[in-house]
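Numbering (this note's numbering), first residue to last: 1 to 89. Every residue gets a Cβ at the ideal spot worked out from N, C-alpha and C, and that includes glycine.
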């Protein structure tokens, strides 16, 4: 199996964060690099999902699939009352 090409990235992190990485690496019997790669991979996945959801929302706005502010405010104001409104659609 061919090994993936890699690139070294360098950053400064606060000492408490570096200490936690060291502790986790020892506890999991993994390298610091493995811990950082896992964290970076999770962050990238999260940011890509955030971008996808933002684009989806913008597409909804462009298509006119929105709920006016007054309807949302009336619904929110009704929560906790004896007769809450249905969720606006």
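- Taking a C-beta distance under 8 Å as the contact criterion, residue 35 and residue 21 qualify as a contact pair.
- Where residue 16 is concerned, the enclosing alpha helix (DSSP H) starts and stops at 15–28.
- In this model, residue 4 and residue 49 are separated by some 24 Å (Cα to Cα).
- Secondary structure of residue 54 (DSSP, three-state): helix.
- Of the residues 85, 1, 64 and 80, the one whose Cα lies closest to the Cα of residue 74 is 85.
- In the structure shown, residue 12 adopts coil according to DSSP, grouped into three states.
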